[in-house]
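Heads up, the thing below is written out as structure tokens.
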Amino acid sequence: MFEGYVDVLYKIKCSVDSSSPLYFIIKLLLNALYGRFGMDPDLEINELVTHDESEKILYEKSKVKNKKINDQLVLTSYKNPESDLKEINVSVPIASAISAYSRIRMSHYLAKYKNNILAMDTDGIKVDCHLDPAEISAKILGKMKYEYTFKTGIFPAPKVYGGSLQSPYKNKLTINKIKGVKVSLSYLHLFLVMYEGSTLVIDQYK
């Protein structure tokens, strides 16, 4: 039902540089599309209030969460059953159907490469073998982006991974990715977090 909308936006996304603000706007519009139909009709309200006001909200509202900011202020969050969102079309079946269809598409790769998958998300797959070229494309919806062929790898969390590669990528035989982190690290640092009770502390100026 969204074929025209998605096709137009996806063509724009493929035609602009990934550092362009337009790229991020288009990506947000695409990624937020199906989730819009699965939104909770009771929006969460966030307010910065005094401690006394937060106590009052605690008794008057439902599902209240308070976080102390300082000695004077509290960030309080609560559900608003009178939200205007109830006047917007929300359809859990539509959101569920789109999500289920995506899982059906992903199940093909899970079955075909069941002994080779190291990590996978909705459009990217990391394996220790070579993928069928017909299944790889960074531009065609429904296909997988090629994201390296690994010799060894470690994947402690989503968008956090590293490893040694079977063939060079940008003249490198090892790779390390931590979403949002620009500090240069060896992928061997990630092994630290695989031990129970251990942490990896990264200092970064933004």
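Take the sequence shown: its position 123, counting from 1, is numbered 113 in the numbering used here, and each next residue is one higher.
For every residue, glycine included, the Cβ atom is placed at its ideal position computed from N, Cα and C.
Can you check whether the CB of Ser154 is closer than 7 Å to the CB of Thr139?
no
How about the segment 166 to 182 and the segment 145 to 153: do they share at least three Cβ pairs that are nearer than 8 Å?
yes
Taking the runs of the alpha helix (DSSP H) that are 4 residues or longer, which of them lie wholly in the segment 6 to 55?
11 to 21, 23 to 27, 41 to 50
Exposure of Ser44, with buried meaning 16 or more beta-carbon neighbours within 10 Å
buried
Buried versus exposed call for Ala134 [16 or more other C-beta atoms within 10 Å across all chains shown]:
It is worth fixing the name first, because residue 134 is Met in this sequence and not Ala. Result: buried.
DSSP beta-bridge partners for Leu63?
Thr40
Expected contact under 8 Å - CB spacing of Gly132 and Arg95 to nearest Å
6 Å
State the Cα-Cα distance for the pair Lys167 and Gly187, rounded to the nearest angstrom.
22 Å
Within a Cβ cutoff of 6 Å, which residues of the same chain sit near Ser157, ignoring the five residues on either side of it in sequence?
none
Best match in Thr112, Asp113, Asp118 for proximity to Lys104 [C-alpha to C-alpha]:
Asp118
Please determine, among Val171, Lys169, Ser176, the residue with the shortest C-alpha to C-alpha distance to Lys162.
Ser176
Quick one, are the C-beta atoms of Val(-4) and Met29 less than 7 Å apart?
no
How about Val171 and Ile144: are their beta carbons less than 7 Å apart?
no
Candidates Lys58, Leu18, Val6, of which the one nearest Glu37 by Cα
Lys58
Taking buried to mean at least 16 other C-beta atoms within 10 Å of its own C-beta, is Thr66 buried or exposed?
buried
Give me the Cβ distance between Val39 and Val64, rounded to the nearest whole Å; I'm assuming they're in contact under 8 Å.
6 Å
Have a look at Thr112 and Lys51 and give me their C-alpha separation to the nearest angstrom.
37 Å
What's the call for Ile130, buried or exposed, on a 16-neighbour Cβ count within 10 Å?
exposed
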